[in-house]
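Chemist: Dropping the structure in here first, questions after.
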Amino acid sequence: GDSLLHNEANRRRVAIESHFIMVVDTSGSMSEMDCQQNGASDQKCTITRIQAVFNEVKQLASTENARTGVSDKMSLITFSDAAEIKFQETSLEVAQKHLAKMGVPKPWGQTYYAKGLRAAAQCARADQKKRPID
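Start counting the sequence shown at 4; every next residue gets the next number (the numbering used here).
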């Protein structure tokens, strides 16, 4: 009895590919400069909300954070008055290239969350392997 439980507890976990769907608000309020740059303790080192969010998205897509032996995918959606799927179900390596090429979007317009969430649902439904969505 106990040895079976012990063996069950020691089984290796198998990593499952994930599909990271990033839904980023690009409305006018994202131009507020009220976020601290990573690692900065100086209040003079503030950046816009959209810069802070894009720094985090780039960090997630960085290959140094990639999980060994797992081909995670990423989609990026920006939204304000409308939603736009910037890229869909790409490898983290390709996502990095897209992010570098597109740069930080210029905030504008209103915040329509439903439009961004509908685009995210569209990406999730289109996932070819039906990966878990993170």
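Where is the CB? At the ideal position from N, CA and C, for every residue including glycine.
Note that the coordinates shown come from a computational prediction; the quantities given were computed from them, not determined experimentally.
Residues in the same chain with beta-carbon distance under 8 angstroms from residue 130, minus the five sequence neighbours each way, listed in chain order, please.
Modeler: Taken in chain order, the residues that qualify are 22, 76, 92 and 136.
Chemist: Rounded to a whole number of angstroms, what is the C-alpha to C-alpha distance between residue 124 and residue 48?
Modeler: Their backbone Cα atoms lie some 36 angstroms apart in a straight line.
Chemist: What are the residues that DSSP puts in a beta bridge with residue 170?
Modeler: Limits of the chain in this structure are 4 at one end and 137 at the other, which puts residue 170 out of reach.
Chemist: Taking Cβ to Cβ, would you say residue 30 is nearer than 8 angstroms to residue 110?
Modeler: Contact flag set, yes.
Chemist: Pick out whichever of 55, 26, 32 and 101 has its Cα sitting closest to the Cα of residue 38.
Modeler: Ranking 55, 26, 32 and 101 by Cα distance to residue 38 puts 55 first.
Chemist: Can you tell which of 118, 66, 117 and 73 has its C-alpha closest to the C-alpha of residue 99?
Modeler: When each option's Cα is compared against that of residue 99, the closest is 66.
Chemist: Identify every run of the alpha helix (DSSP H) within the segment 40-79, keeping only runs that are complete inside it and at least 4 residues long; order them along the chain.
Modeler: Within the segment 40-79, the complete alpha helix (DSSP H) runs of at least 4 residues are 52-64.
Chemist: Beta strand (DSSP E) containing residue 86: first to last residue?
Modeler: Start and end: 86-94.
Chemist: Between which residues of its own chain and residue 25 is the CB-CB distance below 8 angstroms, once the five residues before and five after are set aside?
Modeler: Same-chain partners within the cutoff: 60, 63, 77, 78, 79 and 80.
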